[in-house]
Each structure stands twice: as structure tokens, then as C-alpha cells.
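If you're matching positions, the sequence shown starts at 1 in the UniProt record's numbering and goes up one per residue.
This report refers to the structure that appears directly beneath it.
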Amino acid sequence: MTSEKNLSQTENVYLSIREEIISGMLAPGIKIKINDLCKKHEVSLGAVREALSRLTAEGLVQSEAQKGFKVTPISIEDLEHLAIARIEIESICLEYSIQHGDLDWESNILATFHKLKRTPERMTENNKITSPDWEHIHHQFHLLLVSACPNTWLLKVREFLYAQSERYRRLSTHYDDKSRNLAEEHEQLMNAVIHKDTALAKSIIKNHILLTTEIILNAMKN
């Protein structure tokens with residue numbers, strides 16, 4: 001029972017710290033104070049260290065000899081390289097998913113898109129903070145699009161890249177381009193996937209990622 005409780009604590013603190021990094025609550029490059037995390041999450045030193053080791057393997061945290069842990073820094077060059085990698089992997093996963101997707105897969109995409117469209121992106125109309133509900137459904141929508149891909153290794157790489165790009169995107173949400181119609185982009189992508197138009201779907205996801213990258217780059221440069 002104690003062992004199960006420890007595993008649960010480790011998993012919970014891992015997920016919490018991961019979300020804090022991706023959301024920007026733990027800023028890029030900042031030194032991670034392990035004792036503070038232990039107190040905040042009310043867990044043992046071992047649980048926090050294990051969580052940080054997992055996050056190091058995911059590239060979200062860096063371990064420095066004699067210095068401890070820090071949140072992985074961000075850079076313009078890293079974002080540009082990340083976008084190129086994401087486009088390639090996302091396109092491959094999307095192509096395989098379209099080839100293997102069945103009626104249940106299509107139904108789940110349609111249902112999740114409906115939720116995404118009906119969920120406000122911002123906390124309030126004039127608020128620059130993105131709604132956690134929208135963030136969750138947005139992640140589920142993009143995940144479902146590629147979920148029929150049978151290659152689990154590709155999906156693991158894809159999730160790794162997605163998490164890294166989310167960190168950049170969330171740090172720049174308050175700089176978002178008001179002329180951009182995300183709902184329309186998502187609907188176009190969904191329609192291309194449902195109609196199994198692979199070439200169009202790959203073109204849309206490429207432009208979707210490039211436009212997001214351009215907005216983030218402008219935010220970083222300013």
C-alpha cells in the first residue's frame with residue numbers, strides 16, 4: 001500500500017511540475033529549488049528528484065553537475081529547428097492516421113472539435129490568459145487527429161515535440177495575432193482529415209505550425 005502511495009505521489013508531482021514548466025509558471029532557464037517543490041507539493045525529496053529525472057529525459061529540465069536542476073532555456077534557433085521537426089513528424093503521423101482511421105476515430109474527432117469550438121479560448125472576453133479547459137480540449141483534438149497512426153514510436157516522438165512546442169506557444173499566448181481565426185483553421189484541418197484528403201491535411205497542419213511559430217518568433221523578438 002505504501003509503495004502504491006509513493007508511486008502515486010511521484011506521478012502526481014511529475015505531472016504538476018511538467019505542467020508548470022509547459023505553462024511557463026516555472027520560467028525557462030530558472031534554477032529549480034527542490035526543497036521548495038517538496039514543500040509546495042507536500043512530497044518527499046525522492047519523489048521530486050525522480051520527477052525531475054523524468055523531465056530531464058523529456059528535455060524539459062536540464063541537470064548540471066554540482067549545480068542541480070534548471071528549466072531548459074528557450075531560444076529562437078531552438079524554436080525554428082523544433083518547428084521543422086514538428087512539421088515532418090506531425091505530417092507522417094497524420095498520413096498514417098488517415099490511412100488507418102475508422103468510423104469511431106472520425107466520430108471522436110467530430111465530437112472533440114465540437115467541444116473545442118464551443119469552449120471559450122480565453123478566461124474572459126478581454127483576458128489574455130488562455131482557458132485551461134480550452135488548452136485541454138485543444139490538446140485532445142490534435143492528439144485524436146493522429147491517434148489512428150499504428151506506429152507507436154512515431155507517436156512518442158510526436159508527443160515529445162508537441163510538449164516542447166507547447167512550452168513556446170503558451171509563453172506567447174498574450175501576443176497572439178487577433179486576425180488569426182484558430183477555429184477556422186481547426187475546422188479546415190478536421191474536414192480534410194475526415195474526408196481523408198491527406199495532401200490537404202498535411203498542407204494545413206504545416207501552415208498551422210508555421211503560423212504559430214511566426215507569432216511566437218515575433219513575440220520573442222519583441
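By construction, the Cβ of each residue, glycine as well, lies at the ideal position given by its N, Cα and C atoms.
Separation of residue j from residue i, as counted between CA atoms
i: residue 107; j: residue 189; result: 15 Å
i: residue 135; j: residue 121; result: 8 Å
i: residue 211; j: residue 131; result: 21 Å
i: residue 154; j: residue 164; result: 16 Å
i: residue 21; j: residue 84; result: 22 Å
i: residue 42; j: residue 75; result: 33 Å
i: residue 8; j: residue 77; result: 37 Å
i: residue 24; j: residue 161; result: 17 Å
i: residue 137; j: residue 19; result: 15 Å
i: residue 123; j: residue 195; result: 33 Å
i: residue 142; j: residue 63; result: 31 Å
i: residue 80; j: residue 129; result: 25 Å
i: residue 213; j: residue 86; result: 11 Å
i: residue 140; j: residue 158; result: 14 Å
i: residue 15; j: residue 167; result: 14 Å
i: residue 202; j: residue 94; result: 7 Å
Close beta carbons around residue i, own chain, < 6 Å, minus the five adjacent residues each side
i: residue 200; result: 192
Pick from the options that is closest to residue i, judged by C-alpha positions
i: residue 96; options: 149, 170 and 187; result: 149
i: residue 218; options: 169, 102, 14 and 63; result: 169
i: residue 101; options: 23, 197, 44 and 181; result: 197
Close Cβ partners of residue i (< 7 Å) along its chain, the five nearest in sequence each way excluded
i: residue 133; result: 119
i: residue 3; result: Confidence is the limiting factor: at residue 3 the pLDDT is only 49, short of 50, which leaves the residue's position unreliable and the question unanswerable from this model.
i: residue 224; result: A question about residue 224 goes unanswered here, because the residues of the chain that appear run from 1 up to 222.
Other residues of its chain near residue i: CB distance less than 8 Å, five sequence neighbours each side excluded
i: residue 105; result: 97, 144, 147 and 148
i: residue 1; result: Any reading at residue 1 must be qualified, since the residue scores a pLDDT of 40, below 50, and its modelled position is unreliable; the value itself is stated next. Closer than 8 Å at Cβ, skipping near neighbours: no residue.
i: residue 295; result: Given a span of 1 to 222 for the chain in the structure shown, any question on residue 295 remains unanswerable.
i: residue 182; result: 121
i: residue 34; result: 45, 48, 49, 52, 68 and 69
i: residue 204; result: 185, 188, 189 and 192
Near the ligand MG: residue i beta-carbon under 7 Å from a heavy atom
i: residue 37; result: Annotation note on the ligand MG: not contained in the displayed structure, which lists no ligands.
Interface flag, residue i vs chain B, CB-CB below 8 Å
i: residue 144; result: Of the chains in the structure shown, none is chain B; there is only one protein chain.
Subject >> Three-pair Cβ contact test at 8 Å for the region 42–56 versus the region 97–116 >> reply: Under the three-pair Cβ rule at 8 Å, the region 42–56 does not count as touching the region 97–116.
Original post:
Taking three-plus beta-carbon pairs below 8 Å as touching, is the region 194–209 in contact with the region 81–93?
Top reply: Inter-segment contact for the region 194–209 and the region 81–93 is present: three or more beta-carbon pairs are separated by less than 8 Å.
Original post:
Do the region 29–37 and the region 59–78 meet, that is, are 3 or more Cβ pairs less than 8 Å apart?
Top reply: A contact exists between the region 29–37 and the region 59–78.
Subject >> Whole runs of the alpha helix (DSSP H) within the region 136–207, excluding any shorter than 4 residues >> reply: Qualifying alpha helix (DSSP H) stretches, in chain order: 152–171 and 182–194.
Subject >> alpha helix (DSSP H) runs contained entirely in the UniProt domain "HTH gntR-type" (7–74), provided each spans 4 or more residues >> reply: The UniProt domain "HTH gntR-type" (7–74) contains these whole alpha helix (DSSP H) runs: 34–41 and 45–57.
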